[in-house]
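Notes for the one structure printed next.
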Amino acid sequence: MGIPTITVDVGTTGIKLCLFDAEAQLLTAVQHPTPTTTDGAGEIYDIPALLGAVRRFIRELPSVQRDLVQRIALTGVGESGGLVRSDVSLASPMILWHDQRGAGYLTRLTPEQRSLIYRVTGLPVSGNYGLSKTAWAIDRLPDGERPGDAVGGPQWLNIAEYLAAVLTGERWSEPSLASRTMALDLSSRTWSDEICALLGLDVNAFPALRPAGEGVLVTARFAREVGIDAGVRVHVAGHDHMVGAIGAGLHPGELLNSTGTTEGLLFLQETPSLGPQAERAKLANGLACAGSDYTLFASIPTGGSAFATLQNLLGLDVQQLTGCLAELHRQYVGDRLGLAAVPLVLPQFRGSPPPAKDASARGLIAGVGSQTSAADIVLGCFLGLALEFLDVLELFGVQPAQIKVIGPASRNPLWLQLKADLLGMPLVVSRFPEVVSRGAQVLVSGMADEADQWATTDPYGVDVDATRHDRLAEWRSGIQQQWAYLKGFPS
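Written out as structure tokens, the structure is:
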């Protein structure tokens, strides 16, 4: 039995708000575009609009459903956040994960310091993570308000943690999100004075840790505003990909392929991978949302967002692109698609994945001829996504026992089949669209150890066709030189 829970998942391009009952059945789900704006330095959240969407969703639930609610569980992108005062007012903008405003603070680090950061935090040095954004924000605080100047000074909170602070009046950090700041000592599971000092930060810039299973009561004011019981508890469930691992019932040895705006590859492991090989590959270690496991993770910046890029690039609306993908899939599984004339597309539309991990990288297309069609470019893009997936998977140096796919890719049979055939390994794919949100309910209900969460996602298999696998392997071998050239093209 679960606990009736409202879940809020703040993604890069969308906010998902759901209500689950005690049987873990999804009663209602709403999605809104993530409200963002710019502040001259980069991209930030439109906080009034974001809070307004959360409040409206709860207020507009039928009273019989609002009366069920006992928990609110919050998840979010791992690296988005800002500084929050003890009264939960903002001391800085809430900065999006891909914003690089703090990257300049990292350029002064020596190679030895960069290696130290990886050995301690398990993360490759990157402006995506919270540490450099914290330094940027603290440098812009008024005199006397820096952390350490006074008790209760501003602290870095992830966007999900900030929402929890608004709802409860308290600040805390959830461990899986804390492990995405580049300020947490992964082995001791405490904030690292040594790493913070490299950027001139006081460790008090980061709040106390509280696991996903521990909630805090909503404020009486918020309960009145939205019409819920004052006994409702708020939990920060964690980093969205890691929460997805809970919803997918991920086991050590299995790979979670979590798709959304980006594409994530996630393994669970008993100990972190902090050695030179993982450091060179720029794989990201972290803490799991439950238990004592660690995570080993890589993010491909372009995932489902390729859909919108193709629409803009080719002038296609949603229906036209969806129809194109469906027709390409029919031709592909019917062995009616040749690969020789397909352009080679490096789909790094939002930066490059490990091991380059270059936020300024952009996509490239090679092999366009006078007869190249829009459908050829679409096919080339999803072949490129499959190639990137295989490249990144090879960085882990292990063959997964099973690949579980969650997120929007489940609605793209061409993407799935290309991936399975290129890998030469079948996929198991969730039909249930809200695996991350269900994972959040599982965590706050204390059911993370219950068996077979995956079975509740209505999974189906995508099998490998041996003939197509051989054909793709031959194609991949033939384009390796061009592929390597595109990946090495200066950004």
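Numbered per this note's numbering, the sequence shown spans residues 1 to 491. For every residue, glycine included, the Cβ atom is placed at its ideal position computed from N, Cα and C.
With respect to the C-alpha of GLN402, the residue from LEU268, LEU274 and PRO354 having the closest C-alpha is LEU268. Of the other Cβ atoms in all chains shown, fewer than 16 fall within 10 Å of the Cβ of GLN320; this residue is therefore exposed.
Contact between the stretch 158-177 and the stretch 79-89 is present: 3 or more CB-CB pairs across the two stretches fall below 8 angstroms. Under DSSP, HIS239 takes part in a beta bridge, and its partners are GLY76.
Within the same chain, Cβ atoms closer than 6 angstroms to the Cβ of GLY439 are found at VAL243, GLY244, ILE246 and GLY247, the five residues on either side in sequence being excluded.
Looking at the backbone, the Cα of GLU388 and that of LEU265 are separated by about 11 angstroms. According to DSSP, residue pairing for HIS98 in a beta bridge does not occur. Around the C-beta of GLU254, 16 or more other C-beta atoms lie within 10 Å, and the residue is accordingly described as buried.
For ASN312, the three-state secondary structure derived from DSSP is helix. Under the three-state reduction of DSSP, ASN285 is assigned to strand. Around the CB of ASN257, 16 or more other CB atoms lie within 10 Å, so the residue is classed as buried. With 16 or more other Cβ atoms from the protein chains shown falling within 10 Å of its own Cβ, THR34 counts as buried. When DSSP states are grouped into helix, strand and coil, TYR332 belongs to the helix group. By alpha-carbon distance to THR190, the top candidate from ASP202, GLY200, ALA197 and ALA208 is ALA208. In this model, ALA281 and GLY122 are separated by some 12 angstroms (Cα to Cα).
Here the alpha carbons of GLY238 and ALA466 stand approximately 39 angstroms from one another. Note on geometry: alpha-carbon atoms of ASP143 and LEU198 lie some 21 angstroms from one another.
Look at GLU23 here: in three-state DSSP terms it is coil, with no helix or strand label.
In the DSSP assignment, the residues bridged to GLU43 are THR38. Taking 3 residues as the shortest admissible run, the stretch 362-448 contains the following complete beta strand (DSSP E) segments, listed from N- to C-terminal end: 364-366, 402-406 and 427-430. Contact between GLN399 and PHE20 does not hold, since their C-beta atoms are separated by about 35 angstroms, which reaches or exceeds 8 angstroms.
GLU79 is positioned such that its CB atom lies closer than 8 angstroms to that of TYR129. Annotation: LEU325 to VAL232 spans about 44 angstroms, alpha carbon to alpha carbon. Cβ atoms of GLY14 and GLN31 come within 8 angstroms of each other, at about 5 angstroms.
For the 8 angstroms CB-CB criterion, SER305 and PHE349 form a contact.
Listed in chain order, the non-local C-beta contacts of ASP458 below 8 angstroms within the same chain comprise SER430, ARG431 and PHE432, local neighbours out to five positions each way being set aside. Rounded to whole angstroms, PRO353 and TYR485 show a C-alpha spacing of 16 angstroms. In this structure, the straight-line span from the alpha carbon of LEU344 to that of GLU170 is close to 51 angstroms. Looking at the backbone, the Cα of ALA278 and that of GLY127 are separated by about 19 angstroms.
The beta carbon of ILE95 is closer than 6 angstroms to those of ILE44, GLY82 and LYS133 in its chain, skipping five residues each way along the sequence. Per DSSP, THR467 is one residue of the alpha helix (DSSP H) stretching across 466-487. The beta-bridge partner set that DSSP reports for ARG233 consists of ARG71 and LEU217. DSSP places LEU167 inside the alpha helix (DSSP H), whose first and last residues are 159-168. Taking a cut-off of 8 angstroms for Cβ pairs, the stretch 375-389 and the stretch 409-427 touch, as three or more such pairs fall below it. 8 angstroms or more divides the Cβ of GLU270 from the Cβ of GLY303. LYS16 is bridged by DSSP to ASP9 and GLN31.
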